[in-house]
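For the sequence shown, the working numbering gives the first residue as 1015, with consecutive numbering after it.
The beta carbon of each residue, even a glycine, is placed where N, CA and C say it ideally should be.
Computed from a predicted structure; not experimentally measured.
Everything below concerns the one structure shown next.
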Amino acid sequence: MKEDKLDTLEKKIEELSWIIEKSRIRDYADLVSNPKRLIVINLVAGLARGLGTAIGLTVLAAVLFYILRSWVNLPLIGEFIARLLDIIENYR
């Protein structure tokens, strides 16, 4: 009976150990205890996020301009874009 309880306790401890290891608490604690590393990691992540946003918006704008360029030949849309360009030119 005592052996069964001991085995069960041992299994539960192993399970808990595995869960703690899986949750990466040690990595988080190491990261928090080293502020310089935390700053560098956040800086690099921010730069990557900003660069990705810039590249994504550039590609999106290029596709949008390509589509609009093909629509300029349509009568209504072409007139609208021409008026819009005139307004922009007059504003300068």
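Test item: CB-CB of residue i and residue j under 8 Å
i, j, result
"residue 1082", "residue 1102", "no"
"residue 1045", "residue 1051", "yes"
Near the ligand PLP: residue i beta-carbon under 7 Å from a heavy atom
i, result
"residue 1019", "No copy of the ligand PLP appears in this structure; indeed no ligand is present at all."
Alpha-carbon to alpha-carbon, residue j and residue i
i, j, result
"residue 1028", "residue 1078", "56 Å"
"residue 1063", "residue 1049", "21 Å"
"residue 1091", "residue 1097", "10 Å"
Fully enclosed by the stretch 1041 to 1088, which alpha helix (DSSP H) runs are 4 residues long or longer?
1049 to 1085
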